[in-house]
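Residue numbers (my numbering), protein chains in the order written: chain A, 18 to 307; chain B, -15 to 300; chain C, 3 to 537. Just so you know, even glycine gets a beta-carbon here, dropped at the ideal spot from N, CA and C. Keep in mind that this is a model prediction, so the values were computed, not measured. To start, the structure under review is shown below, and the notes come after it.
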Amino acid sequence: MIKSKHSKWGDYLVVFLCVIMILVFFLPVWNVFVRSFSSPQALIRSDVYLWPVDIDFTAYTLVLTDTTYTWALLWTAMLTIGCTILSMTMTTLCAYPLIFEKLRGRKFINGFIMLTMYFNAGTIPNYLLFKSLGMINSPTVLIFPYCISVFNMIIMRTFLQNIPDSLRESAEIDGANPVRTLISIYLPLSTSVLATLSLFYAVGRWNGYSDALMFMPQNKTYYPIQLLLYNIIQSKESLDAATQEGFSTPGASDALKAAAVMFATIPILMIYPWLQRYFIAGVTLGAMKG
Amino acid sequence: MTSIAQSEKNLRRYRTRMYLKRYWTLYAMLALPLIYFIIFKYIPMTYIQIAFKKFSITKSAWEMDWAKNHGFQYFIKAFSNKDFYNALRNTIMLNMLNLILGFPAPIILAIVLNELPYRKFKRFTQTIAYMPHFLSWVIISGLALQLFATRFGLVNTVLRKIGVDSIPFLDDSAHWVWTYVFLGIWQSVGWNTIIYLAALTGINPELYEAASVDGASRMRKIWHITLPGLKSTIVILLIIRMGYIIASDFDQPYAMSNTLVTNVSNVLSIFVYNYGIKGTQQSLATAVGLFQSVVGVMFLLITNSFAKRLGERGLW
Amino acid sequence: MKKLLAILVTTMLLVSVMAPLALAEDAGFVDGKFTETRTITVAHFDRDTEGWDVDNNVFIDFIKQSMLEQYNIDVEFVTTPRWTESDNLPTYLAAGTACDVSYTYSDGTIETYFKQDAVLDLAPLLEEYGEYLTDMVDFFGTNLTWKLDPVEGTIYAIPAVRIETSRINTFVRADWLDKLGMEAPTTTEEFEAMLIAFKDNAELLLGDDADMMVPFALTEDVSWRANNILVSCVADADMNDKTNYIYGYDSRQFLFPGVKEGARLLNKWYNEGLILEDFSLYKMGDSAVDNLIKAGFVGAFENNWDYPFTGGDESIYNMLTEQQGEDAKFIAIDPFQNDAGLTKKVLYSSNGIYIFFPSTNDEPLASLLYLNWMAKLENRMYLQFGEEGIDFEYNADGVRTIVTPDPGYYTRESSNNIDTTMIINGLDQGDATLNAQTKALSYAGVDSYYVELAWNMAMNNGISFANINLGSVEAEEGVSEVLETKRDETLNTAINASVEEFDAVWDAGMQEYLDAGGQAIIDERAEKYNAAYGE
């Protein structure tokens, strides 16, 4: 975009706003980061805001040498990659046929799928289903139930719809069937939407813990890392435990909590900048003619 | 059968065969996703009948006894509960505020980011902006406490030092609502810009060039080019959002609430959690959930047809 | 041919009729041992202790080996998360994955599911197999019939035995009292005067940190963190089992007549700046208030009787010494007198966590034998105390003290292996005196003087209410969480209110509590009590 004709003041204002926003967004995250390096004594005195006090790596040593954490990180990474691939495949298989206007039953199928976005059966019906499928306490319950997000599917469908029909028609004249058209024409043009949706699915799976909490509580080996994190942070906040038992077990120190948060968050924070370069072409959700 | 009718029938059969020959792969592709939806979305929906029945942990949904009042016992129980109305009111209020303030925020942010002249700085800001999305509400509410507590919070300590009275960000109902909405925006705005930013890169740069030649100012360009380019994205997202007008997130209100502000912080999800899950009244919980879904779909249908009437492409 | 067929059919019919009969008699149990190995699953809480591993643990191995040898029972332990145990309970039951021997503190939930036939009735089992369960019957004593329904005759759960009934203590900074030349308070008025003195002398006591002064620290969980104060406002004549039955649905005595005046006192103190201003923002377990205590800014607080001593290096006791010096110590005090001049306080009763069998349990005898085995003193003593030299030592006076195993050995899940010995809460050597002595020495780095003082203060004038079971109370179904929240709301909003508004806010909150189901519970309980015992 050519900006040479704009006033410099406008640019400065924009930059200023961005700097403010950076501070607002970044500082709290920085605070957590800094706490993970501070000594327990400094944290108790709430002296830690912008800089670590009494640098202390014990929290990180604990986290990095604990095989539970490192395994959970590895497992969550594998789970995320696997789920993203599965989700992207299923989403594409679902979105692509729906762009063909001539497809019979299209309106019905659209409505059929869209309804599920709003009618959520709820936790109890879900675990009754998982129970009958034998998925309770099994890692399969982390993979299959959420493999298609209707929201993401709509994004992909709309994007594919915006690719000019002329491309498809000329391929059809050449005798290509729909699958060939998908592979040779649509997919190459879809890198941005594929990148965006992969990011959405990956982050969704990485951050998710409530499904493991509700449906796989007894299978600690396959806990996603966010659930481990949740337990650590909650360990002192468990309602009534100390009053029920009549004694209190020490929870994780503040530094350990902060270190665990960083440990679980940093890997996924790295992905976005890397995926950003694929967002070159646009992702639009509506008709966009020229 | 006359020969004309016979040939019409043959034509139809022929057409059907050609159609299937051409498009059978599409149906094959749809098979897996449709099976997924049936198993994981529609079958659990049959359990929604629990809302009309007396829940028993040992019986299957089909075996459970019907609830009193032709199955509406639990709906009546919910609707005659004062806490339910409070929760409903709070849910709508917080959702409306989030809609009015929180929906435009990522759009504005995306446009501001788009105006940044330095590409690397833009990328950097984008990456920073989406960081809060990765913090869970448990952590954010802990941070909020550190910052906003009336006595020991950092913000109030600074305020007192400069001679201003402390502001009860978290202990007063009115203030709490604003803190809640603000933190919600803080956490999600950066992430939500992704869709808009990606859409923005699809706007034809020649349009901007042409406008510059015509002598248009920055603001006019935004008004006449950027916003229309985003219009369809905005409309679709808004339609989807309207369907969730009465839905209720759990993590944020639960983590941020305290006993002093429950008259505004108790939303439907917390009502369901307290009565339905902790209180083992599963039928009640399912009834409330069903109510929410029905209302949500109604809003969705209304918004979608409204958008279509305005000339936009709807959700279907 | 037909004849052969007839014989075949008849034989099959006979067999199909006899087989179930044979199984029902459990003919596989001979001379106190099973003829074929039976398997049971037992729940083991996982409280995320670093380094603990259920598959690599001498105590677990000991249990498995002994059970196999003695009864031919193979015990399989399944870990379940401790902190979310009550949340996960419905999931386990609905999915049929609950262990044969399960535990929970949510007895109300179990009662609900018992009525839906998801939990076994233990009464007939105890009767049928009683002859093999002598150790269990001896150990549990009155706990065995804690949940016996007088009308139906059913028992849906058995509570574990709680050895230590000491509950809540009030702590105060001994060094601050010394600096101000004050004695430890012995009445509520003296306690208040002490708090005022703390506030007025903030600079003397804290120097530069004077603005961090917190005379009395509370959290959102007022009914626990000020329990002794609240209970001291209940008339002495009302502190009896009848009041506890009718008004004791709330485990924090919120409904006891007179508690309002205790809250009024707290409200007065709050408005005079004697209580932590932000207290309502800190939920139970939030480390912020603990941090204030550890950093030395707090003059007094109330919590579990041994709260300052738990946590090893990070205990309040040890951290305070580190932050503020050797003199900085919290001592337990007991100043809150009721109208009869007694510092009456509520103690735990002997019921701990509730043990139950889900209806998917098809080895009830084996499960009961597990509990019986655990009840034997020599077994549980080993599980609690472990090996001499590794897990415990004898001190100079011959008293056992628990120590942490050196690295290189296993890690215990908690200092007294509570999750492995679920049927008992508290160290037991079979002798009360020995128990007390060991207890005093079991806090790392803490001088036993303070522990003994805390113990005495906590038990002084304490009442353990008796268990009165008049059957299930219908009004209680499904309301416990809601009522608990409303209790906390009432207490917090009332204390935060101005002195003039206190009555209005309290009454409004209490009314909401009663409307949400509290009144119905009181009425039903009163009715039951009067029916059983007369007015």
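Chain-order list of residues whose beta-carbon lies under 7 Å from that of A:I19 (same chain, five-residue window excluded): In this prediction, A:I19 scores a pLDDT of 44, lower than 50, which makes its location untrustworthy; the coordinate-derived value is nonetheless stated afterwards. Nothing meets the Cβ criterion.
Pair within 8 Å by beta-carbon distance, A:F176 and B:I112: Not closer than 8 Å, so no.
Under 9 Å from the C-beta of A:I285: neighbouring residues of chain B: Within chain B, F118 have C-beta atoms less than 9 Å from the C-beta of A:I285, given in sequence order.
Status (buried if at least 16 other CB within 10 Å, exposed otherwise) for C:G432: So C:G432 ends up on the exposed side.
Near-chain C residues of the region 219 to 244 of chain A - C-beta to any C-beta below 8 Å: Per Cβ criterion, the list reads L230, M231, F232, P234, Q235 and K237.
Under 9 Å from the C-beta of B:I206: neighbouring residues of chain C: The contacting residues do not exist; B:I206 stays about 42 Å from chain C at best.
Beta-carbon spacing of C:V475, C:D308 below 8 Å: Cβ distance not < 8 Å, so C:V475 and C:D308 don't count as in contact.
Counterpart residues of C:A125 in DSSP-defined beta bridges: Paired residues: none, contrary to the question.
Interface partners of C:A120 on chain B, CB under 9 Å: Around C:A120, the beta-carbon contacts reaching into chain B at under 9 Å are S40, I41 and T42.
Extent of the continuous beta strand (DSSP E) to which C:E78 belongs: Its beta strand (DSSP E) spans residues I75 to P83.
Top-ranked residue by Cα proximity to C:T82, from A:Y29, A:A89, A:T75 and A:T238: C:T82 has its Cα closest to that of A:T238, out of A:Y29, A:A89, A:T75 and A:T238.
Short-range partners of chain B found in the region 125 to 143 of chain A, where Cβ spacing is below 9 Å: For the region 125 to 143 of chain A, which is checked against every Cβ of chain B, the residues closer than 9 Å are I126, N127, G128, F129, I130, M131, L132, T133, M134, Y135, F136, N137, A138, G139, T140, I141, P142 and N143.
Same chain, Cβ closer than 6 Å to A:L292, neighbours up to 5 away in sequence not counted: Once the five neighbours on either side are set aside, the close Cβ partners of A:L292 are A212 and L216.
C-alpha distance - C:R164 paired with C:L349, whole-angstrom precision: C-alpha separation (whole angstroms): 11 Å.
Chain A within 8 Å of B:R103, Cβ atoms only: No, B:R103 lies away from the interface with chain A (no Cβ there is under 8 Å from its Cβ).
Neighbour list for C:D490 in chain A, Cβ cutoff strictly below 9 Å: For C:D490, none of the residues of chain A pass the 9 Å Cβ criterion, the least Cβ distance being about 11 Å.
Whole-Å CB distance - C:N381 paired with C:L135, under 8 Å assumed: Taking the Cβ atoms as the reference, C:N381 lies roughly 14 Å from C:L135, outside the contact range of under 8 Å.
Member of A:P241, A:T97 and A:L206 whose CA lies at the smallest distance from the CA of A:I309: Absent from the model: residue 309 of chain A. The displayed extent of chain A is 18 to 307, so no value can be given.
Three-way DSSP call (helix, strand, coil) for C:A522 in this model: When DSSP states are grouped into helix, strand and coil, C:A522 belongs to the helix group.
Neighbouring residues, chain B, relative to A:M279 (Cβ below 9 Å): Neighbours of A:M279 on chain B: none; closest Cβ ~10 Å, over 9 Å.
Pair within 8 Å by beta-carbon distance, B:T42 and C:Q255: Note that the C-beta distance between B:T42 and C:Q255 is not below 8 Å.
For A:A229, the nearest candidate out of A:A277, A:T93 and A:A272 (CA to CA): Ranking A:A277, A:T93 and A:A272 by CA distance to the CA of A:A229 puts A:T93 first.
Identity of the residue in B:N258, B:M13, B:Q276 and B:F283 nearest C:L485 by Cα: Selected option, being the one with the closest Cα: B:N258.
Cβ-based burial, C:E483 [other Cβ within 10 Å; buried from 16]: Of the residues assessed, C:E483 falls on the buried side of the cut-off, its CB having 16 or more other CB atoms within 10 angstroms.
Contacting residues, own chain, Cβ-Cβ under 7 Å from C:L455 (five flanking each side not counted): Around C:L455: I333 and A334.
Selection from A:Q243, A:V167 and A:D28 that minimises the alpha carbon distance to A:T108: Ranking the options by Cα distance to A:T108, first place goes to A:V167.
Residue interval of the alpha helix (DSSP H) (run including B:I159): Residue 159 of chain B is actually His in this sequence, not Ile. Boundaries of the alpha helix (DSSP H) harbouring B:H159: S157 to L184, taken from the DSSP string.
Chain C contact residues for A:R270, given Cβ-Cβ distances below 7 Å: One detail in the question is off: residue 270 of chain A reads as Ser in this sequence, not Arg. Neighbours of A:S270 on chain C, chain order: E316.
Inter-residue Cα distance where the pair is B:R1 and A:N194: For B:R1 and A:N194, the gap between their C-alpha atoms comes out near 15 Å.
Short Cβ contact (8 Å threshold) for B:N65 with B:S157: No, Cβ-Cβ distance for B:N65 and B:S157 is not below 8 Å.
Partners in chain B for A:P162, counting only beta-carbon separations shorter than 7 Å: Simply F24.
Which residues DSSP lists as bridging C:L150, in chain order: For C:L150, the beta-bridge partners assigned by DSSP are C:I157.
Residues from the region 196 to 215 of chain A in contact with chain B, defined by Cβ distance under 7 Å: Taken in chain order, the members of the region 196 to 215 of chain A whose beta-carbon sits within less than 7 Å of a beta-carbon on chain B are V196, S209 and T213.
Contact list for the region 321 to 332 of chain C against chain A, Cβ threshold 8 Å: Going along the region 321 to 332 of chain C in chain order, one finds M321, E324 and Q325 with a Cβ nearer than 8 Å to chain A.
Limits of the unbroken beta strand (DSSP E) element including C:T554: What the structure shows of chain C is the stretch from 3 to 537, and residue 554 of chain C is not part of that stretch, so it cannot be assessed.
Alpha-carbon spacing of B:Y192 relative to B:A183, whole angstroms: Near 15 Å, if we compare the C-alpha coordinates of B:A183 and B:Y192.
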